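Structure first, commentary second.
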Amino acid sequence: MSVMIPDLENYFRGFVPPRDALLLELEEEAARESIPIVGPVVGELLYILGRISGAKNILELGTASGYSAIYLARALPPGGKVVTLELSEDMAQRAKANFARAGLADLVEVRLGQALDLMAAMTESFFDLIFLDIDKESYLPALAHCRRLLRAGGLLIADNVAFAGADPFNQEIFSQEGWRVVHLLSFLPHHSPEQDGLCLALRAD
Ligand SMILES: C[S@@+](CC[C@H](N)C(=O)[O-])C[C@H]1O[C@@H](n2cnc3c(N)ncnc32)[C@H](O)[C@@H]1O
């Protein structure tokens with residue numbers, strides 16, 4: 381008979397990936413100031429997916445203090461770049477300072493503004509990977525832009541898809557032609573919140 385490990389959440393807290401001093405400091409700051417960063421499990425997942433996909437051009441929607449973009453930028457191959465979009469001027473400035481501290485200033489471009497407007501001004505199917513982490517009501521309107529800006533075979537990763545505001549996005553991407561999609565209900569220590577959904581979608585054509 382198969383027996384499950386008891387107290388699974390506590391058990392899986394023992395497998396949170398290690399982080400350097402800067403990422404730990406950003407986690408402490410996020411906890412203090414209620415900045416909803418992805419935390420070390422999704423951060424490591426972003427790094428792994430970035431590395432195995434060889435993504436050279438990455439677009440992030442929702443920079444905050446730069447925590448997730450640091451994981452993405454560290455996964456870049458030589459010559460790669462992360463473009464990250466942020467509405468808050470204060471957050472954008474803080475993120476730039478953190479990219480400089482991480483030695484990543486040359487690899488990450490922060491664009492200030494409403495992500496939907498900034499994406500509307502972009503034209504090419506240019507990105508290998510897009511990470512979606514803005515206000516959840518913007519997920520559905522962002523989807524058409526993501527589809528247009530992601531190259532065929534590119535990967536869309538959406539955080540927080542267990543939020544009610546993400547439901548229209550979940551329904552649409554699940555039923556739309558041209559995506560291979562998986563929704564994961566996950567236990568994510570240090571993520572905000574710790575139980576949440578992730579959506580991974582391959583632009584199939
Ligand atoms: C969940 S936080 C991003 C966390 C970040 N990805 C991380 O894990 O380190 C969302 C950020 O997106 C910004 N934001 C929310 N809605 C936005 C929008 N429509 N356009 C641009 N930025 C937005 C917020 O100001 C906030 O800093």
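The sequence shown begins at 381 in the numbering used here and counts up one residue at a time. Glycine residues also receive a C-beta, built at the ideal position from the N, C-alpha and C atoms. Source: prediction; values computed, not measured.
What does the Cβ neighbour count give for L564, buried or exposed, with the cut at 16 atoms within 10 Å? exposed
Run the CB neighbour count on R431, radius 10 Å, all protein chains shown included, and call it buried at 16 or more, exposed below. exposed
Through-space distance from L498 to S433, alpha-carbon basis: C-alpha separation (whole angstroms): 25 Å.
Nearer than 7 Å: is that true of the beta carbon of Q494 relative to any heavy atom of ligand 1? yes
Beta-carbon proximity list for R531, same chain, < 8 Å, skipping 5 on both sides: Its chain contains S505, F506, F507, D508 and R583 as the residues whose beta carbon lies nearer than 8 Å to that of R531, once the 5 sequence neighbours on both sides are disregarded; these appear in chain order.
Check whether the Cβ atoms of G460 and K436 lie closer than 8 Å to each other. yes
Would you report the Cα separation of T464 and A472, rounded to the nearest angstrom? 9 Å
Shortest alpha-carbon distance to P573 belongs to which of V561, F549, N540 and S555? N540
Can you tell me whether DSSP reads F395 as helix, strand or coil? helix
For a test of the three-state rule: what should DSSP assign to S436, helix, strand or coil? In the sequence under discussion, the amino acid at residue 436 is Lys, which differs from the Ser named in the question. Coil.
For C579 and C526, what's the separation of their Cα atoms in angstroms? 13 Å
Got a sec, what are the start and stop residues for the beta strand (DSSP E) L342 sits in? Any question about residue 342 goes unanswered here, given that the chain covers just 381 to 585.
Span of the alpha helix (DSSP H) around F506: Neither: F506 is in no alpha helix (DSSP H) and is coded neither H nor E.
When you compare only the Cα positions, how much space is there between D486 and L456? 12 Å
How is the alpha helix (DSSP H) around E552 delimited, first residue to last? D547 to S555
How many angstroms separate the CA atom of G428 from the CA atom of P420? Here residue 428 is Ile; the residue named in the question, Gly, does not match the sequence. Roughly 12 Å separates the two Cα atoms.
Inter-residue Cα distance where the pair is L568 and L512: 17 Å
Neighbourhood of L452 by C-beta distance below 6 Å, restricted to the same chain and skipping five residues each side: L426, G430, I438 and V462
Quick test of your reading: R454 and L402, contact by CB under 8 Å. State the CB separation rounded to the nearest angstrom. Their Cβ separation, rounded to whole angstroms, is 11 Å, which puts R454 and L402 out of contact at 8 Å.
Among D547, I537 and F543, which has the Cα closest to the Cα of W559? With distances taken between Cα atoms, W559 lies closest to I537.
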